[in-house]
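Undergrad: The structure follows.
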Amino acid sequence: MRATSRNFEDNARAGLANDNLQQALGLAQTGFPLRRRLAINRLPEFEALRETGRSIKDHTLEYLDFYLEFYESKVLASGGKVHWASTPQEACNAVLQICRSVGAKTVAKGKSMVAEEVGLNEFLEQNGITPVETDLGEYIIQLRHEPPSHIIAPAIHLIKEQVAETFRAEHRSLDPDRSLAEPRQMCDEARAILRPHFLAADVGITGANFLVAETGSSIIVTNEGNGDLTQTLPRVHIVMTSLEKLVPTLEDAGTLLRLLARSATGQEFSSYTTISTGPRRAEDLDGPEQYHVVLLDNGRSALIGSEFQDMLRCIRCSACINHCPVYTAIGGHAYGWVYPGPMGAVLTPSLIGIEAAGHLPNASTFCGRCESVCPVKIPLPKMMRSWREREFAAKLSPPVFRTGLSLWAWIARRPALYHVLVEVASRALGWAGRGRGRFRALPLANGWTAVRDLPAPEGRSFQSLWAERQKTGAAK
Amino acid sequence: MRVALFVTCLVDFFRPSVGFAAVKLLEQAGCTVEVPRAQTCCGQPAYNSGDRADAKAIALQVLDAFAGYEYIVAPSGSCAGMIRQHYSELFADDPVNLLRARELARRSWELVSFLVDICGMRSVDARWDHEATYHDACSGLRELGIKLQPRQLLASVAGLRLKELPGAEVCCGFGGTFCVKYPDISDKMVTDKEADIAATGAEAVLAGDLGCLLNIAGKVHRLGRQVEVRHVAEVLAGMTEAAAPIGVGR
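If you read the sequences in order, they're chains A and B. Those letters in the first sequence? Residues 336 to 811, by this note's numbering. Those letters in the second sequence? Residues 214 to 463, by this note's numbering.
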């Protein structure tokens, strides 16, 4: 996927000016956090579970090489194959090769953010293979030729009227006067349209929420059941995923699944949790003939041992996104790549470079809500700050800003000078603002006064008033 | 108790009356208050901008200025959080100063939590006939766990009726340099905050951090609303007469 993260400011302005988006975000802003809160209130051991979840992921990352090899041996033993992909191109090529080997023309796809990351749909189309998204949200945005704006609710930027409009425009064989007022009606329509695609598809591609080393299994969760149809009906199942999804045991996966559903949608468990181990065995009633795992690295292994290693704990629940006041103000497309919100602000620079994604870790107030809801306790603000440090060290931040900061810091390190300047400025601005008590505009303060007034100082600095008070006190 | 007041750069420059309110409350709690002259800022602007070297230099200055005091107290969860939670990160690779930073962190408190949790203050002697709401500033809330302390003391202010703010724990959009680097996004956040405040019908909004308050007051006045914006310390100290509300002329 081509990144537009450099244009973050323009993207954000477009998001803020988009009424439909603002309406959609308004609903998401209250819905997700409320459902999560209610689910967590019903599970007293949630805090303890977070700690367990964190240690499971930390342990796996510590011994990742071992578990990856163990995982591959188990996949092979169950009759499947692992395709190691260092780059998006290698991942796409691996998928294409498998598709060509079975003469595939259409591919049914379950939701996979890794597939978005490598630009799989575009690549397959260029090579004469038609991918059909089967997750309702993904299907809607595929029809609209839009990227996802959220990692678990890809079409969350749309209101239902826009979806109805899209269905009318794209499902041309259906009665143009049919009612599409209710989400249920749209859901039924998508279901009817998608069903033949499941049956016709030569290859099914899903993502994976977890990979289990002890059994060589992949696990996906959905609420629509599309994942099961995608992976059981076609002859070939490809799991498109990345290497940090690995956990040692099924029990570990169970622990993380309990955290995932509650953190993501406020469910106790997702409607469908599907565990796949290898292709169909002789005694199985159904299942694919071939089972492939395309395992993407794309810069992830380089994070191990760096200040960003903790990011690899992420289980993609989206709690940080749902609770982020910046995300809920501007929407996911503003971030300009696959992963939005706080997790994207840390991950995107890791994967596409800080030069292309510098705005993302900067566009945060460090309010800390993301870290407080993260089910595996990823210190997201701390890592955003680490990106800012790298950016500052590489002199990538704007020169005006850097100069201003240096000047301020130079003065702040000289208390005597600082106190004189603060007193002078406080008196001057206090005098200038004495009538109204605030400024509508002020030279050099446009970033502030463009959108709000600047309250005027009272007119004397605390330090000078305190010094006077000490003197009078001593005189008495 | 010998307490050093960390004035904070915003209180020093914009609103000294918050500093004097803090002194009064601390004295009421039985503390002897001193104000080290060698303080300027906690270094957070540099730290959050990725300028680690300057942040460290300023933090060292704070370590020196506040050595020897039993407690250091700031009328801001943000600055207190910086000293308590982040100084030790700054000196992670400097063992001598790391020890000093950890030792300073143990002595550093945000004003209201200090009054309640350390001084055992349960009520204040103040009157303010207002219906007010309270915004939980992010750093105080999430870095220092400040939630009940201000509400407990505000409940004892005669004439004050406190209404809970929906979304009280959602950021107001200040975020230090964030609000000037991304004014459009900050605007949306503070606009939402103002709408939540207006929805309570309260005549006043209080908080424990001047950064948030300047942002909220700036928006309230830009929108032409009449809501009074004040630091919680002014109300608790009974010193609302000493200064007009934030952003209002004399």
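Built from N, CA and C at the ideal position, the CB exists for glycine as well.
Cβ of T700 of chain A less than 8 angstroms from any chain B Cβ?
TA: The residue you call residue 700 of chain A lines up with position 365 of the first sequence. Yes - at least one Cβ of chain B is within 8 angstroms of the one on T700 of chain A.
Undergrad: Using the three-state DSSP reduction, which class does E404 of chain A fall into: helix, strand or coil?
TA: Start at 1 with the first residue of the first sequence, and residue 404 of chain A comes out as number 69. Helix, per DSSP.
Undergrad: Looking only at C-alpha atoms, which of A:N346, A:S484 and A:Q520 sits nearest to K495 of chain A?
TA: In the first sequence, residue 495 of chain A corresponds to position 160, counting from 1. Cα-wise, what sits closest to K495 of chain A is A:Q520.
Undergrad: Mind pulling the beta strand (DSSP E) runs of 3 or more residues that sit fully within the segment 412-463 of chain B?
TA: Runs found: 417-420 and 441-444.
Undergrad: CB D400 of chain B to CB S291 of chain B, shorter than 8 angstroms?
TA: Taking the second sequence and counting its residues from 1, one reaches residue 400 of chain B at position 187. Taking the second sequence and counting its residues from 1, one reaches residue 291 of chain B at position 78. Going by C-beta atoms, D400 of chain B is not nearer than 8 angstroms to S291 of chain B.
Undergrad: How would you write the range of the alpha helix (DSSP H) that L360 of chain A sits in, first residue to last?
TA: Counting from 1 along the first sequence, the entry for residue 360 of chain A is found at position 25. Per DSSP, L360 of chain A belongs to the alpha helix (DSSP H) from D354 to N376.
Undergrad: Exposed or buried, which one is C319 of chain A when buried takes at least 16 other CB atoms within 10 Å?
TA: Any answer about residue 319 of chain A is impossible in this case: the structure gives chain A only from 336 up to 811.
Undergrad: Quick check: V574 of chain A and H627 of chain A, are their CB atoms within less than 8 angstroms of each other?
TA: What you label residue 574 of chain A is simply residue 239 of the first sequence in a count that begins at 1. What you label residue 627 of chain A is simply residue 292 of the first sequence in a count that begins at 1. Yes; because the gap between Cβ atoms is below 8 angstroms, this pair is in contact.
Undergrad: Name the chain B residues whose beta carbon is nearer than 8 angstroms to that of Y753 of chain A?
TA: Against the first sequence, residue 753 of chain A aligns to sequence position 418. Per Cβ cutoff of 8 angstroms: T253.
Undergrad: Beta-carbon of E441 of chain B versus every beta-carbon of chain A: anything under 8 angstroms?
TA: On the second sequence, residue 441 of chain B is found 228 positions in, with the first residue counted as 1. Cβ-Cβ to chain A under 8 angstroms: no for E441 of chain B.
Undergrad: So what's M295 of chain B in DSSP terms, helix, strand or just coil?
TA: Taking the second sequence and counting its residues from 1, the one referred to as residue 295 of chain B is at position 82. Looking at M295 of chain B - three-state DSSP - the assignment turns out to be helix.
Undergrad: Is any beta-carbon of chain B found at less than 8 angstroms from that of G772 of chain A?
TA: Start at 1 with the first residue of the first sequence, and residue 772 of chain A comes out as number 437. With 8 angstroms as the cut-off, G772 of chain A counts as an interface residue toward chain B.
Undergrad: What's the C-alpha gap between L273 of chain B and L356 of chain A?
TA: As a working mapping, residue 273 of chain B is identified with position 60 in the second sequence. As a working mapping, residue 356 of chain A is identified with position 21 in the first sequence. Cα to Cα, L273 of chain B sits roughly 46 angstroms from L356 of chain A.
Undergrad: Less than 7 angstroms between C-beta atoms, sequence neighbours within five positions excluded: which residues of the same chain meet that for V417 of chain A?
TA: Numbered from its first residue, the first sequence carries residue 417 of chain A at position 82. E407, V410, V628 and L630, listed in sequence order.
Undergrad: Which two residues bound the contiguous alpha helix (DSSP H) that contains R725 of chain A?
TA: Locating residue 725 of chain A in the first sequence gives position 390, counting from the first residue. L715 to A728 is the span of the alpha helix (DSSP H), which, as asked, contains R725 of chain A.
Undergrad: Can you tell me where the alpha helix (DSSP H) with H754 of chain A in it begins and where it stops?
TA: Your numbering for residue 754 of chain A matches position 419 in the first sequence. Its alpha helix (DSSP H) spans residues P750 to A767.
Undergrad: Which value, in whole angstroms, describes the spacing of the CA atoms of L764 of chain A and G772 of chain A?
TA: As a position in the first sequence, residue 764 of chain A is number 429, starting the count at 1. As a position in the first sequence, residue 772 of chain A is number 437, starting the count at 1. Near 10 angstroms, if we compare the C-alpha coordinates of G772 of chain A and L764 of chain A.
Undergrad: Taking 8 angstroms as the cut-off, decide whether the C-beta atoms of M719 of chain A and E642 of chain A are in contact.
TA: As a first step, residue 719 of chain A must be located in the first sequence, where it is residue number 384. As a first step, residue 642 of chain A must be located in the first sequence, where it is residue number 307. In this structure, E642 of chain A does not lie closer than 8 angstroms to M719 of chain A by Cβ.
Undergrad: With 8 angstroms as the C-beta to C-beta threshold (strictly closer), list the residues of the segment 645-678 of chain A near chain B in chain order.
TA: Against chain B - using a Cβ distance shorter than 8 angstroms - the residues of the segment 645-678 of chain A are P660, V661, A664 and I665.
Undergrad: With C-beta atoms as the reference, is L426 of chain B less than 8 angstroms away from I398 of chain B?
TA: Position 213 of the second sequence holds residue 426 of chain B. Position 185 of the second sequence holds residue 398 of chain B. Result no, Cβ atoms of L426 of chain B and I398 of chain B do not sit closer than 8 angstroms.
Undergrad: Output yes if chain A places a C-beta closer than 8 angstroms to the C-beta of G460 of chain B; else output no.
TA: In the second sequence, residue 460 of chain B corresponds to position 247, counting from 1. Interface residue, yes.
Undergrad: Between the segment 222-242 of chain B and the segment 262-271 of chain B, do three or more beta carbon pairs fall short of 8 angstroms?
TA: Taking 8 angstroms as the limit for Cβ pairs, the verdict is that the segment 262-271 of chain B does not touch the segment 222-242 of chain B.
Undergrad: Contact criterion: CB-CB distance below 8 angstroms. Does G535 of chain B meet it with respect to chain A?
TA: The structure shown has nothing for residue 535 of chain B, since chain B only spans 214 to 463.
Undergrad: For L695 of chain A and I687 of chain A, what's the separation of their Cα atoms in angstroms?
TA: Position 360 of the first sequence holds residue 695 of chain A. Position 352 of the first sequence holds residue 687 of chain A. Going by the C-alpha atoms only, they are around 12 angstroms apart.
Undergrad: Is the shortest distance between the beta-carbon of Q358 of chain A and the beta-carbons of chain B less than 8 angstroms?
TA: To locate residue 358 of chain A, count along the first sequence from 1; it is residue 23. No, because no Cβ of chain B sits closer than 8 angstroms to the Cβ of Q358 of chain A.
Undergrad: Taking 8 angstroms as the threshold, find out whether the segment 565-582 of chain A comes into contact with the segment 385-402 of chain A through three or more Cβ pairs.
TA: Contact holds: three or more Cβ-Cβ distances are below 8 angstroms.
Undergrad: Can you name, in chain order, every residue of its own chain whose Cβ lies under 7 angstroms from the Cβ of A287 of chain B, other than the five neighbours on each side?
TA: As a working note, residue 287 of chain B is residue 74 in the second sequence. The residues are F219, T221, A293, E323 and L324.
Undergrad: Going by C-alpha to C-alpha distance, which of B:G353, B:A251 and B:R313 sits closest to L752 of chain A?
TA: Stepping through the first sequence from its first residue, residue 752 of chain A is reached at position 417. The residue with the shortest Cα to Cα distance from L752 of chain A is B:A251.
Undergrad: Have a look at A:A767, A:Q805, A:F343 and A:M646 and flag the residue whose alpha-carbon is nearest the alpha-carbon of P714 of chain A.
TA: Working through the first sequence from its first residue, we reach residue 714 of chain A at position 379. It is A:M646.
Undergrad: Check the DSSP bridge columns for H348 of chain B and list the partner residues they point to.
TA: Here residue 348 of chain B is taken as the residue at index 135 of the second sequence, counted from 1. Bridge partners of H348 of chain B: none, in fact.
Undergrad: Beta-carbon within less than 7 angstroms of H658 of chain A's beta-carbon, same chain only, minus the 5 sequence neighbours each way: which residues are those?
TA: Counting from 1 along the first sequence, the entry for residue 658 of chain A is found at position 323. Excluding sequence neighbours, H658 of chain A sits near P368, R704, C705 and V708.
Undergrad: Taking Cβ positions only, does P363 of chain B come closer than 8 angstroms to chain A?
TA: Within the second sequence, residue 363 of chain B is the residue found at index 150, counting from 1. Judged by the 8 angstroms Cβ criterion, P363 of chain B is not in contact with chain A.
Undergrad: Apply the 10 Å Cβ neighbour rule to T816 of chain A and answer buried if 16 or more other Cβ atoms are within range, or exposed otherwise.
TA: Any property of residue 816 of chain A remains undetermined from this structure, which presents chain A solely from 336 to 811.
Undergrad: Of all the residues that make up the segment 383-417 of chain B, which are near chain A by a beta-carbon distance shorter than 9 angstroms?
TA: Here the close residues are V383, C384, C385, G386, F387, G388, G389, T390, F391, C392, V393, K394, Y395, P396, D397, I398, S399, D400, K401, M402, V403, T404 and D405.
Undergrad: With the cut-off set at 8 angstroms, would you say P466 of chain A and K444 of chain A are in Cβ contact?
TA: Sequence index remark: in the first sequence, residue 466 of chain A carries index 131 (1-based). Sequence index remark: in the first sequence, residue 444 of chain A carries index 109 (1-based). Closer than 8 angstroms, so yes.
Undergrad: According to DSSP, is H658 of chain A helix, strand or coil?
TA: Along the first sequence, read from residue 1 onward, the residue named residue 658 of chain A stands at position 323. H658 of chain A: coil per DSSP, three-state reduction.
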